[in-house]
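The structure appears right after this line, and notes come after that.
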Amino acid sequence: MKTNAPKSLHSRIASHVRDIPRSGIRDFFDIVSSRDDVISLGVGEPDFVTPWHIREAAIKALEQGVTSYTSNLGLLSLRKEISGYVNKITGTEYCPETEILIAVGVSEAMDLAIRALIEPGDEVLYHEPCYVSYNPVITFAHGVPVAVETTKENDFKLTREALEKKVSKKTKLLMLNFPTNPTGATLSRDEVKDIAEFAIEHDLIVLTDEIYGELSYDETHTSILSVPGMRERTIYLHGFSKAWAMTGFRMGFACAPPELTEAMMKIHQYTMLCAPILSQKAALEALRNPEEDIAEMRESYAVRRNYMHNAFAEMGIDCFLPGGAFYMFPDIGKFGLSSYDFAMKLLEEEDVAVVPGTAFGECGEGSIRCCYATALDDIKEAMIRIERFISKL
Amino acid sequence: MNELLKLLKNNAKESPENLAKLLGKTVEEVNAQIEVYENQGVIQGYQTVINEDKLEDGPVTAAIEVRLTAEREGGFNRISDRISRFPEVRSAFLMSGGYDLLLFVSGKTLNEVASFVSEKLSTIHGVVGTATHFMLKTYKRNDVLMHIPDENERPQISP
Numbered sequence: 158m159k160t161n162a163p164k165s166l167h168s169r170i171a172s173h174v175r176d177i178p179r180s181g182i183r184d185f186f187d188i189v190s191s192r193d194d195v196i197s198l199g200v201g202e203p204d205f206v207t208p209w210h211i212r213e214a215a216i217k218a219l220e221q222g223v224t225s226y227t228s229n230l231g232l233l234s235l236r237k238e239i240s241g242y243v244n245k246i247t248g249t250e251y252c253p254e255t256e257i258l259i260a261v262g263v264s265e266a267m268d269l270a271i272r273a274l275i276e277p278g279d280e281v282l283y284h285e286p287c288y289v290s291y292n293p294v295i296t297f298a299h300g301v302p303v304a305v306e307t308t309k310e311n312d313f314k315l316t317r318e319a320l321e322k323k324v325s326k327k328t329k330l331l332m333l334n335f336p337t338n339p340t341g342a343t344l345s346r347d348e349v350k351d352i353a354e355f356a357i358e359h360d361l362i363v364l365t366d367e368i369y370g371e372l373s374y375d376e377t378h379t380s381i382l383s384v385p386g387m388r389e390r391t392i393y394l395h396g397f398s399k400a401w402a403m404t405g406f407r408m409g410f411a412c413a414p415p416e417l418t419e420a421m422m423k424i425h426q427y428t429m430l431c432a433p434i435l436s437q438k439a440a441l442e443a444l445r446n447p448e449e450d451i452a453e454m455r456e457s458y459a460v461r462r463n464y465m466h467n468a469f470a471e472m473g474i475d476c477f478l479p480g481g482a483f484y485m486f487p488d489i490g491k492f493g494l495s496s497y498d499f500a501m502k503l504l505e506e507e508d509v510a511v512v513p514g515t516a517f518g519e520c521g522e523g524s525i526r527c528c529y530a531t532a533l534d535d536i537k538e539a540m541i542r543i544e545r546f547i548s549k550l
Numbered sequence: 036m037n038e039l040l041k042l043l044k045n046n047a048k049e050s051p052e053n054l055a056k057l058l059g060k061t062v063e064e065v066n067a068q069i070e071v072y073e074n075q076g077v078i079q080g081y082q083t084v085i086n087e088d089k090l091e092d093g094p095v096t097a098a099i100e101v102r103l104t105a106e107r108e109g110g111f112n113r114i115s116d117r118i119s120r121f122p123e124v125r126s127a128f129l130m131s132g133g134y135d136l137l138l139f140v141s142g143k144t145l146n147e148v149a150s151f152v153s154e155k156l157s158t159i160h161g162v163v164g165t166a167t168h169f170m171l172k173t174y175k176r177n178d179v180l181m182h183i184p185d186e187n188e189r190p191q192i193s194p
């Protein structure tokens with residue numbers, strides 16, 4: 158029998174997957190993992206463990222043998238609690254039966270929303286620097302990612318002016334993430350209104366990832382949902398990872414009009430079936446008394462934010478005071494190194510891990526992301542080492 | 036609790052310079068506020084949290100429930116104050132419920148604590164009864180977990 162020479166495995170990978178470069182974060186992760194005694198400001202999660210009463214609820218559920226599937230949309234009891242909570246923080250009501258979908262983290266919810274909406278060639282606007290997955294998730298769905306750059310001169314805010322330059326007839330979706338990972342940028346009520354007006358004028362669907370909403374320090378977070386006319390064109394994404402320190406539970410949710418929720422559910426039911434029931438039980442407990450849990454952690458981040466900001470200012474590194482999330486995005490451009498080289502050299506010489514700004518988009522060049530959801534003693538030591546490092550540059 | 040107090044409660048050795056950075060205040064403002072707290076008696080002292088289980092000559096400690104007879108004037112205050120003055124008594128609290136005073140008493144040996152109870156505490160006029168519980172192991176002291184190994188595998192870089 159005659160057989161053809163086998164094609165390489167690499168060549169068989171779908172081109173739109175093959176062409177996506179390896180994540181800059183993963184490269185860095187491998188290098189950091191190979192070293193001992195590193196102080197890491199490179200994480201994207203709280204340093205708190207999940208509050209005990211939430212963990213305890215998960216333990217109790219396990220003891221009681223709660224180990225089954227749930228409805229595709231998630232436990233109705235949890236959807237009801239989410240409905241009440243979202244109403245409280247955004248002033249928008251969602252029907253628990255038809256407008257809320259519980260997903261495996263906001264990441265899954267975002268993928269569902271994009272796959273449900275995007276056809277090949279549809280353009281998606283998003284602001285950069287941004288969370289690492291926005292661009293690839295659009296590409297996986299055969300959409301066209303259109304990055305709108307935000308700049309340090311404008312505290313990494315997204316403006317209507319910048320959006321107008323990138324919008325086209327093919328634009329279908331606008332993705333937002335305020336407060337922003339990696340910059341900590343926030344928007345005021347008026348700035349949010351401007352963006353809402355832009356979306357309405359161009360008849361865009363808005364996909365808003367407000368996972369850091371509770372972690373706003375100077376002003377209360379304004380959801381774009383709260384602007385009249387937005388509910389009917391918005392998919393609101395939120396989850397428990399950041400404000401409740403529940404990253405490992407992988408609990409997120411989407412709120413959207415029934416047609417959109419149904420479309421996302423179609424994909425979710427065939428690819429994920431449902432979110433893990435133990436995590437859903439834990440999330441249910443998290444919503445029982447959220448203010449107390451969150452306030453304590455937020456206060457703790459706030460003082461660490463002050464410390465890191467003051468420390469950078471003292472060593473002459475420019476950094477705007479971020480209004481939300483738990484990241485600082487200082488400008489290291491004046492040292493004549495690329496973000497990647499700066500981060501690599503800092504790691505090699507002083508054993509401090511930060512994430513190069515370019516991991517979050519090309520316009521992150523010149524910055525590094527430093528997470529202040531890190532033990533205060535570690536932040537203090539890291540700041541001493543960074544100061545020593547730059548004094549030798 | 037005020038943010039400055041929280042920080043000091045967590046780490047009494049925090050320098051005024053660091054406190055100022057954390058709170059967005061000047062060093063002078065921080066020092067002035069600490070002085071106010073000290074003068075008001077809100078801050079009573081600065082101590083070190085020691086895991087006594089790790090000391091070879093660590094003390095033996097007992098929690099002692101004490102039942103008292105209230106006095107016509109001042110209720111339990113005078114007698115509780117008197118008991119609190121014994122150096123063996125490390126902490127003392129007036130309690131609601133089945134007994135009146137909860138003491139944490141330390142000595143070098145079990146016998147030393149036992150003698151304190153039988154010879155000093157029980158003989159005080161107004162002490163009606165005691166129940167002594169010796170502490171075997173400390174899991175948590177002053178908000179600090181003891182003996183708990185850190186097995187967290189949190190990645191050092193994540194998105």
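Residue numbers (the working numbering), protein chains in the order written: chain C, 158 to 550; chain U, 36 to 194.
Note that CB positions come from ideal geometry on N, CA and C, so glycine has one too.
Proximity to residue i [Cα-Cα], best of the options
i	options	result
Thr83/U	Thr104/U, Lys44/U, Glu64/U and Ile69/U	Lys44/U
Ala260/C	Tyr427/C, Ala298/C and Glu449/C	Tyr427/C
Thr418/C	Gly405/C, Met408/C, Leu435/C and Ile392/C	Ile392/C
Asp92/U	His160/U, Arg189/U, Thr144/U and Ser150/U	Thr144/U
Tyr484/C	Ala470/C, Asp193/C, Met472/C and Gly199/C	Gly199/C
Ala400/C	Pro447/C, Pro302/C and Ala218/C	Pro447/C
Ala468/C	Met540/C, Pro163/C and Ile188/C	Met540/C
Leu138/U	Glu147/U, Ile159/U, Ser115/U and Gly132/U	Ser115/U
Ala470/C	Ala500/C, Ala516/C, Arg317/C and Ile543/C	Ile543/C
Thr96/U	Ile85/U, Val148/U and Leu90/U	Val148/U
Gly624/C	Gly181/C, Asn161/C, His167/C and Leu166/C	Past the boundaries of the shown model lies residue 624/C; chain C is included only from 158 to 550, so the question cannot be answered.
Leu90/U	Thr173/U, Gln191/U and Ser153/U	Thr173/U
Val289/C	Ser264/C, Leu478/C and Gly248/C	Ser264/C
Asn584/C	Gly59/U, Met36/U and Leu42/U	Because chain C spans 158 through 550 in this model, residue 584/C falls outside it and cannot be assessed.
Asp375/C	Val206/C, Asp187/C, Ile474/C and Glu456/C	Glu456/C
Cut-off 7 angstroms between Cβ atoms - residues of its own chain near residue i, not counting five sequence neighbours on either side
i	result
Lys175/U	Met181
Tyr251/C	Ser240, Val243, Ile257 and Cys412
Val62/U	Pro51, Glu52 and Ala55
Asp194/C	Asp508
Ile536/C	Arg461, Tyr464, Met465 and Tyr529
Asp268/C	Val294
Contacts that residue i makes with chain C (C-beta to C-beta distance below 7 angstroms)
i	result
Gln75/U	The premise fails here: Gln75/U is roughly 22 angstroms from chain C at the closest Cβ pair, so nothing lies under 7 angstroms.
Gln23/U	There is simply no residue 23/U to check, as chain U begins at 36 and stops at 194 in what is shown.
8 angstroms contact criterion, which residue i and residue j should meet: CB distance rounded
i	j	result
Tyr327/C	Asp488/C	Before going on, a small fix: residue 327/C reads as Lys here, not Tyr. Not really, about 34 angstroms apart at Cβ, beyond 8 angstroms.
Leu382/C	Arg388/C	6 angstroms
Ile211/C	Ala443/C	5 angstroms
Val162/U	Val124/U	Val162/U to Val124/U, Cβ: 13 angstroms. No contact.
Thr247/C	Ser345/C	Between Ser345/C and Thr247/C the Cβ distance is about 16 angstroms, and since that is not below 8 angstroms, they are no contact.
Residues bridged to residue i (per DSSP)
i	result
Cys431/C	The partner list for Cys431/C (beta bridge, DSSP) is empty, contrary to what the question assumes.
Asp620/C	Chain C is shown from 158 up to 550; residue 620/C falls before or after that span and cannot be answered.
Val281/C	Pro302/C and Leu330/C
Glu106/U	Gly110/U
Ala459/C	DSSP lists no partner for Ala459/C.
Tyr393/C	Thr365/C and Cys412/C
Cys528/C	Tyr484/C
Ala127/U	Leu138/U
Arg176/U	Val179/U
Val261/C	Met408/C
Same chain, Cβ closer than 6 angstroms to residue i, neighbours up to 5 away in sequence not counted
i	result
Tyr72/U	Ile78
Arg272/C	Ala298 and Ile424
His378/C	Gly370
Ala218/C	Leu435 and Lys438
His284/C	Val305, Thr307 and Leu315
Neighbour list for residue i in chain U, Cβ cutoff strictly below 9 angstroms
i	result
Phe186/C	Pro190, Gln191, Ile192 and Ser193
Gly222/C	Here the premise fails: no neighbours, minimum Cβ distance about 27 angstroms.
Glu456/C	Glu38 and Lys41
Neighbouring residues, chain C, relative to residue i (Cβ below 9 angstroms)
i	result
Asn37/U	Per Cβ cutoff of 9 angstroms: no residues; Asn37/U is ~11 angstroms from chain C at best.
Leu42/U	Val460 and Leu533
Asn53/U	Tyr464, Leu533 and Lys537
Neighbour list for residue i in chain U, Cβ cutoff strictly below 8 angstroms
i	result
Asn463/C	Lys56, Leu57, Leu58 and Gly59
Ile182/C	Ile192, Ser193 and Pro194
Val294/C	What Val294/C touches in chain U: nothing, since even the nearest Cβ is about 12 angstroms away.
Per-residue contacts from residue i into chain U (C-beta, under 7 angstroms)
i	result
Val263/C	Residues of chain U passing the Cβ test: none, with the nearest at roughly 12 angstroms.
Gly201/C	Ser193 and Pro194
Val195/C	Gln191
Val512/C	Ile192
Beta-carbon proximity list for residue i, same chain, < 8 angstroms, skipping 5 on both sides
i	result
Pro414/C	Glu256, Arg388 and Glu389
Near the ligand MN: residue i beta-carbon under 8 angstroms from a heavy atom
i	result
Asp508/C	Ligands are entirely absent from the displayed structure, and the ligand MN is therefore not among its contents.
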